[in-house]
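Following: one structure in structure tokens, then a few remarks.
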Amino acid sequence: MAAACCPRGQSALAAHHKIVLVLALAMDTSTPLITLTLAEIDAPPEPTAEAAEVRFLGHAELDNAFAHAEQLIPLAKQCLAEASVTLADLGAIVVGIGPGPFTGLRVGIATGTALGDGLGIGVYGVPSHRGLAVDGPAGDFLVVTDARRKEVFLTVFHPGGTALFGPVSVTPAAVPQLLADNDVHPEFIVGPGAGLLEPFCDLPVHVPTRDLGFGLITAVAADIAAGRTPGPLTPLYLRRPDATEPSGKRKSVLGR
1 MAAACCPRGQ
11 SALAAHHKIV
21 LVLALAMDTS
31 TPLITLTLAE
41 IDAPPEPTAE
51 AAEVRFLGHA
61 ELDNAFAHAE
71 QLIPLAKQCL
81 AEASVTLADL
91 GAIVVGIGPG
101 PFTGLRVGIA
111 TGTALGDGLG
121 IGVYGVPSHR
131 GLAVDGPAGD
141 FLVVTDARRK
151 EVFLTVFHPG
161 GTALFGPVSV
171 TPAAVPQLLA
181 DNDVHPEFIV
191 GPGAGLLEPF
201 CDLPVHVPTR
211 DLGFGLITAV
221 AADIAAGRTP
231 GPLTPLYLRR
241 PDATEPSGKR
251 KSVLGR
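Structure (structure tokens):
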């Protein structure tokens, strides 16, 4: 008798017991730190966000703002190798959609899309700040990442990861007035850009126990386990690219 078929990334044992078991790879290029995380999603057939269980399997990262395009796929393979699996074993891709600088963010989204298309699996986009907020503190908090150009990207969250305000791009010195103008009163700061706010915001820094990629997968675990169709991957650029086409014809150095 022929063996029963299972959904992509789901084991035969899990299918027999009607448990959804999916391997998901998360990637984020919204900051100079390229982050890859592999996790296994285990949930009942009709999961809720509370029911879906996410188990960490592997992680790889590289702190290099200029190597996103060259290093993303090698890092993905390194991450998968830690768990002795290959790209063909994946059931879902999760991509951080920013906010972040144009070039790095575009590389991550394009790579995730290409992998999903090639493997025939869903690609789920999650705001990168949402991934950092999954393991947030018990109080309203800021998620802050470096936006370059002497600015930060900032989002305010309630406990549990519900966004209250943002994301926005703002100079660190302007953050206190921005919060006051919008009547938000965070108690903590989360994220790799926390140090940039230290001279202007006297708030304790909360360090999550889980990495960004794990948070990205957790944010959409129930959707992945239920096989829901992912929405469009709309990047959160928030501002124009650092490098732009010249607006007019360039003058010759000879004046012609």
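Take the sequence shown: its letter number 105 is residue 105 in UniProt numbering, and every next letter is one higher. Yeah, the Cβ is synthetic: ideal placement off N, Cα and C, and Gly gets one too.
Item to check | Beta-ladder partner(s) of Tyr-124, from DSSP | outcome: For the purposes of this step, residue 124 is taken as the residue at position 124 of the sequence shown. Looking at the DSSP assignment, Tyr-124 forms a beta bridge with Val-94.
Checklist entry - Do the stretch 67-82 and the stretch 29-40 make contact, defined as three or more Cβ pairs closer than 8 Å? => result yes
Next on the checklist: Within 8 Å, do at least three Cβ pairs link the stretch 80-92 to the stretch 189-203?
Outcome noted: no
Item to check | Start-to-end residues for the beta strand (DSSP E) that takes in Val-170 | outcome: Residue 170 sits at position 170 when you count from the first residue of the sequence shown. Looking at the DSSP string, the run of the beta strand (DSSP E) that includes Val-170 is 163-170.
Item to check | For Gly-58, three-class secondary structure by DSSP | outcome: As a first step, residue 58 must be located in the sequence shown, where it is residue number 58. Here Gly-58 sits in strand by DSSP.
Next on the checklist: Bridge partners for residue 267 per DSSP, in chain order?
Outcome noted: Lying before the first or after the last residue shown, residue 267 is absent from the chain, which here runs from 1 to 256.
Item to check | Segment limits, beta strand (DSSP E) that includes Glu-151 | outcome: Looking up residue 151 in the sequence shown gives position 151. It spans 151-157 - the beta strand (DSSP E) in which Glu-151 sits, taken as one unbroken run.
Checklist entry - By Cβ distance, which residues of its chain are closer than 6 Å to Val-168, with the 5 residues on each side in sequence left out? => result By one-based count along the sequence shown, residue 168 stands at place 168. Taken in chain order, the residues that qualify are Leu-154.
Checklist entry - Excluding sequence positions up to five away, which residues of its chain have a Cβ less than 7 Å from the Cβ of Met-1? => result As a first step, residue 1 is located in the sequence shown; it is residue number 1 there, counting from the start. Low local confidence applies: a pLDDT of 38 at Met-1 is under 50, so the model's placement there is unreliable, with the coordinate-based value given in what follows. Excluding residues within five positions, none has a Cβ falling inside 7 Å.
Item to check | Asp-202, buried or exposed, once every other Cβ within 10 Å from all chains shown has been counted against 16 | outcome: Taking the sequence shown and counting its residues from 1, one reaches residue 202 at position 202. Its Cβ having fewer than 16 others within 10 Å, Asp-202 is exposed.
Checklist entry - What is the C-beta distance between Ile-97 and Pro-137, in whole angstroms, given that I count them as a contact (C-beta under 8 Å)? => result Mapped onto the sequence shown, residue 97 falls at position 97. Mapped onto the sequence shown, residue 137 falls at position 137. About 24 Å; that fails the 8 Å criterion.
Next on the checklist: Does Leu-236 pass the burial test, meaning 16 or more other C-beta atoms within 10 Å, or should it be called exposed?
Outcome noted: The residue given as residue 236 occupies position 236 in the sequence shown. It is buried - the Cβ of Leu-236 has at least 16 other Cβ atoms within 10 Å.
Checklist entry - Under the rule that 16 or more other beta-carbon atoms within 10 Å means buried, what is Val-144, buried or exposed? => result Taking the sequence shown and counting its residues from 1, one reaches residue 144 at position 144. Answer is buried; the Cβ neighbour count reaches 16.
Item to check | Beta-bridge partners of residue 268, as assigned by DSSP | outcome: Outside the modelled stretch of the chain, which goes from 1 to 256, sits residue 268, for which no answer is possible.
Checklist entry - Taking the DSSP output, what are the residues bridged to Glu-53? => result Mapped onto the sequence shown, residue 53 falls at position 53. DSSP output for Glu-53 lists Asp-42 as bridge partner(s).
Checklist entry - Is the stretch 205-214 close to the stretch 54-69, with three or more CB pairs under 8 Å? => result yes
Checklist entry - With DSSP run on the structure shown, which of helix, strand or coil describes Thr-218? => result Within the sequence shown, the letter at position 218 stands for residue 218. When DSSP states are grouped into helix, strand and coil, Thr-218 belongs to the helix group.
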